[in-house]
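Novice: Just so you know, we're using the working numbering here: the sequence shown kicks off at 19 and counts up by one. Dropping the structure in here first, questions after.
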Amino acid sequence: MDKKFKGDIPGQREGFGRPGRLRGFDYGTSALYYVTMITRKGACILWDWRSVLAAISRQYNEPFEGPILSECGQTVKHFIEQIEFHYAGIKVEELTVMPNHVHMLIRFGVYSPSGRLIAAQTNLPTVIQQMKQAVTKHLGTAIWARTYIDRIVRSEKEADELAQYIRNNSRYWTKDSLCPKIPEDREYEWMTILKE
């Protein structure tokens with residue numbers, strides 16, 4: 019991966035990410051959070067480029083299955099999966115790495131096998147910031163948009179719906195607002211590249 023992120027990768031868009039913090043809320047509180055982190059300018063760098071092309075080329079057909087993560091995507095997945103080993107009382111319950119963003123459900127406050135609640139000793143912004151820094155240090159370049167989007171999950175029904183959405187997200191990425199669209203007059207060109 020190029021150590022200097024030039025910002026010229028196809029499918030990039032400006033203005034991704036917005037602060038979503040709820041004013042006055044303690045983000046260290048035991049709760050389930052839905053978090054979306056977007057790559058810088060929405061660059062499709064987390065999947066292998068063949069997976070991105072395969073998914074986009076099917077935007078008018080059946081759902082896409084079977085993404086292959088790029089080296090960058092594998093690094094992101096690894097560091098997110100390590101969160102619960104570095105912070106007591108925190109568990110990543112669901113995770114999907116998309117071409118240009120990541121969705122996860124992360125629980126603060128988990129129960130031990132004996133049934134005792136283990137409270138998190140940090141807060142969500144700190145965990146996200148440190149994870150992003152670890153990825154940046156490992157890759158040698160910043161890949162993230164400055165902010166991330168979070169939502170406090172308020173019911174089991176909402177948690178189930180979000181978990182289902184995360185599990186199925188890669189199958190329906192082409193319907194996602196973050197998916198770059200191929201102009202109809204260039205679809206054949208993209209399919210030719212895909213077959214190489």
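Just so you know, even glycine gets a beta-carbon here, dropped at the ideal spot from N, CA and C.
What does DSSP give as the partner residues of K109 in its beta bridges?
Specialist: Residue 109 sits at position 91 when you count from the first residue of the sequence shown. The partner list for K109 (beta bridge, DSSP) reads R125.
Novice: Please name the residue in P131, E174, P117 whose C-alpha comes closest to that of S195.
Specialist: Sequence index remark: in the sequence shown, residue 195 carries index 177 (1-based). The shortest Cα separation from S195 among P131, E174, P117 belongs to P117.
Novice: Where do the ends of the alpha helix (DSSP H) carrying L157 lie?
Specialist: Here the question's residue 157 lines up with position 139 in the sequence shown. Its alpha helix (DSSP H) spans residues 142-157.
Novice: Whole-angstrom Cβ separation of A138 and G46, contact assumed at under 8 Å?
Specialist: By 1-based counting over the sequence shown, the position of residue 138 is 120. By 1-based counting over the sequence shown, the position of residue 46 is 28. Confirmed, Cβ separation roughly 6 Å.
Novice: Classify D178: buried if its beta carbon has 16 or more other beta carbons within 10 angstroms, exposed otherwise.
Specialist: Reading the sequence shown from its first residue, position 160 is the one you call residue 178. When all chains shown are included, D178 counts as exposed.
Novice: Within its chain, find whatever has a CB closer than 6 Å to the CB of D66; leave out the 5 residues flanking it on each side and keep chain order.
Specialist: As a working mapping, residue 66 is identified with position 48 in the sequence shown. So the qualifying residues of the chain are I86, S88.
Novice: Do I161 and C62 have their CB atoms nearer than 8 Å?
Specialist: Taking the sequence shown and counting its residues from 1, one reaches residue 161 at position 143. Taking the sequence shown and counting its residues from 1, one reaches residue 62 at position 44. Their beta carbons are not under 8 Å apart, which means I161 does not touch C62 by this criterion.
Novice: For a quick check, are the C-beta atoms of Y105 and T140 less than 8 Å apart?
Specialist: Here residue 105 is taken as the residue at index 87 of the sequence shown, counted from 1. Here residue 140 is taken as the residue at index 122 of the sequence shown, counted from 1. Yes. Within cutoff.
Novice: Assuming D168 is part of the beta strand (DSSP E), what are its boundary residues?
Specialist: The sequence position of residue 168 within the sequence shown is 150, counting from 1. That run of the beta strand (DSSP E) goes 162-171.
Novice: Helix, strand or coil for T47, going by three-state DSSP, please let me know.
Specialist: Here the question's residue 47 lines up with position 29 in the sequence shown. Correct three-state label for T47: coil.
Novice: A152 to Q92, Cα distance in whole Å?
Specialist: As a first step, residue 152 is located in the sequence shown; it is residue number 134 there, counting from the start. As a first step, residue 92 is located in the sequence shown; it is residue number 74 there, counting from the start. Roughly 13 Å separates the two Cα atoms.
Novice: What are the start and end residues of the alpha helix (DSSP H) that includes N186?
Specialist: Working through the sequence shown from its first residue, we reach residue 186 at position 168. Element bounds for N186: 174-186.
Novice: Would you call K150 buried or exposed, if buried means 16 or more other Cβ atoms sit within 10 Å of its Cβ?
Specialist: The count along the sequence shown starts at 1 and reaches residue 150 at position 132. It is buried - the Cβ of K150 has at least 16 other Cβ atoms within 10 Å.
Novice: Check this for me: beta carbons of L113 and Y51, under 8 Å apart or not?
Specialist: For the purposes of this step, residue 113 is identified with residue 95 of the sequence shown, where counting begins at 1. For the purposes of this step, residue 51 is identified with residue 33 of the sequence shown, where counting begins at 1. Not in contact: L113 and Y51 (Cβ atoms no closer than 8 Å).
Novice: With distance defined between alpha-carbon atoms, name the residue in Q147, P131, V110 nearest to R123.
Specialist: As a working note, residue 123 is residue 105 in the sequence shown. With the sequence shown as reference, residue 123 is identified as Leu, and Arg is not the correct amino acid for it. Taking only the C-alpha atoms, the option nearest L123 is V110.
Novice: How long is the line joining the alpha carbons of K173 and L180, rounded to whole angstroms?
Specialist: What you label residue 173 is simply residue 155 of the sequence shown in a count that begins at 1. What you label residue 180 is simply residue 162 of the sequence shown in a count that begins at 1. Note on identity: in this sequence residue 173 is Ser, with Lys being the wrong assignment. Approximately 11 Å between the Cα atoms of the pair.
Novice: If we call anything under 8 Å between Cβ atoms a contact, is I56 one with H119?
Specialist: Counted from its first residue, the sequence shown places residue 56 at position 38. Counted from its first residue, the sequence shown places residue 119 at position 101. In contact: I56 and H119 (Cβ atoms closer than 8 Å).
Novice: Quick check on the burial criterion: 16 or more other C-beta atoms within 10 angstroms. Buried or exposed for R125?
Specialist: Walking along the sequence shown from the start, residue 125 turns up at place 107. R125 should be labelled buried.
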